[in-house]
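Quick note on numbering that gives the first Met the number 0: the sequence shown kicks off at 0 and runs consecutively.
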Amino acid sequence: MNNFLNINEVSQKNLEAIMEDASTIKSGAVSEESYIECLKNSITGLLFEKPSTRTRLSFEAAVLKLGGQVLNLRKDEIHLGKGETLQDTSAMVSLFLDLLVLRLYDEKKLYEFAQYSTIPIVNGLTNESHPCQVLTDVFTFQELRGSITGKKVVWLGVANNVFQSFLHAAVAFNFHIVFSGPEKFQPSEKMLGFIKKHNSNFLTIEPNPITAVENADLVVTDKWVSMHDSELPTADLKDLAKFRVTEKLLGFAKMEVLFMHCLPAERGQEVCEDIFNDKRCVVLQEAENRMHVQKSILRWCLGLF
Ligand code: CP
Ligand code: NVA
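Now the structure itself:
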């Protein structure tokens with residue numbers, strides 16, 4: 000049994016194995032029942048403290064397509080946080096379910112859940128990380144452009160939870176990440192500490208978005224205001240506007256650059272509306288691949304490979 004909590008806690012060998020499994024399943028090359036119905040007789044729980052469209056849909060679809068059952072635990076219909084501890088909730092969930100996908104605010108709670116659980120726990124996003132999204136982004140890049148190793152990935156805007164998972168991925172897959180955003184939204188001490196511990200060369204901070212994007216293989220952004228953030232004052236929005244992804248800005252990257260955004264997007268804010276019709280934009284492939292990669296994350300968590 001394995002937990003999938005953060006990319007930096009899974010070995011490169013296992014991350015590669017998950018993506019290879021996802022490729023095989025996506026290609027439809029395997030037809031044996033034991034493979035395609037591998038979640039038969041199992042129940043996957045989804046417990047989300049925050050809203051979700053893609054993560055919920057893609058996990059539900061992944062489980063159902065692998066022959067399993069899904070149980071949605073609505074936070075307002077269980078005792079967690081209102082008279083029952085996390086420890087007891089985790090123990091109860093372990094009695095009845097085979098796997099649990101959590102979307103929580105506090106990353107510490109995710110680890111506490113995992114500590115008291117006897118079933119695999121999958122991180123479906125916290126305030127600090129979004130590993131299922133970023134592993135899917137690496138998968139999508141590699142599907143379209145080959146190995147991500149040695150490539151230049153540019154993150155524009157706010158160094159948030161998705162960015163932190165990109166840092167973890169940069170170390171795991173050996174690519175270079177350039178952050179470009181206003182000083183106030185630069186990588187946290189924790190993020191810088193992580194990079195320093197591995198090799199500071201994985202990350203460059205470049206205040207000029209044009210210089211940052213030059214020669215990029217992949218450009219990524221995300222909402223400036225995440226679900227756990229408060230609204231930003233106008234002055235911050237004005238500072239961030241310099242880092243908006245536009246067709247003109249993408250023109251400074253390599254010809255074959257890809258643009259990714261985990262979605263939902265605030266169209267016209269971190270990214271211009273017209274990008275969504277640009278052939279360099281692969282947001283729909285990213286979203287679709289969530290299901291394929293998560294099928295393999297679930298299979299790996301259950302020890303099926
Ligand atoms: N990208 C992503 O995780 O989207 P949701 O918040 O809709 O799940
Ligand atoms: N950074 C965003 C990602 C949403 C999928 C958030 O946490 O709201």
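For glycine and all other residues, C-beta sits at the position ideal for the given N, C-alpha and C. As the structure is a computational prediction, the values presented were derived from the model and not from experiment.
Query	Result
Straight-line Cα distance separating residue 92 from residue 303	21 Å
Neighbourhood of residue 305 by C-beta, 8 Å cutoff - its chain only, sequence neighbours within 5 removed	Residue coverage of the chain in this structure runs from 0 to 304, which leaves residue 305 outside it and unanswerable.
Cβ shell of residue 130 (< 6 Å), same chain only, five flanking positions each side left out	5, 6, 122 and 164
Check: residue 89 C-beta below 7 Å from any heavy atom of the ligand NVA	no
Inter-residue spacing [alpha-carbon to alpha-carbon] between residue 13 and residue 117	21 Å
Whole-angstrom C-beta distance between residue 119 and residue 300, which should lie under 8 Å	4 Å
Buried or exposed (CB count within 10 angstroms, at least 16 for buried), residue 44	buried
Integer Cβ distance of residue 112 from residue 96, believed to fall under 8 Å	Between residue 96 and residue 112 the Cβ distance is about 12 Å, and since that is not below 8 Å, they are no contact.
Environment of residue 208 [buried if 16+ CB atoms lie within 10 Å]	buried
Neighbourhood of residue 306 by C-beta distance below 7 Å, restricted to the same chain and skipping five residues each side	For the chain, the structure presents residues 0 to 304; residue 306 sits outside this window and is missing.
Chain-order list of residues whose beta-carbon lies under 6 Å from that of residue 88 (same chain, five-residue window excluded)	79
Neighbour-count burial assignment, residue 269, 16 or more Cβ in a 10 Å radius	buried
Residue 46 Cβ short of 7 Å to the ligand CP heavy atom set	no
Same chain, Cβ closer than 8 Å to residue 284, neighbours up to 5 away in sequence not counted	139, 142 and 143
Beta-carbon spacing of residue 218, residue 244 below 8 Å	yes
Cβ distance (whole Å) where residue 99 is taken to contact residue 63 below 8 Å	Going by Cβ atoms, the distance from residue 99 to residue 63 rounds to 17 Å, so no, they are not a contact pair.
Residue 233 classed as buried or exposed, judged by whether at least 16 other C-beta atoms fall within 10 angstroms	exposed
Straight-line Cα distance separating residue 10 from residue 114	20 Å
Residue 205 versus 35, 178, 86 and 77, residue with shortest Cα-Cα distance	178
C-beta atoms of residue 192 and residue 155 nearer than 8 Å	no
Near the ligand CP: residue 232 beta-carbon under 7 Å from a heavy atom	no
For residue 125 and residue 105, believed in contact at Cβ under 8 Å, the rounded distance	7 Å
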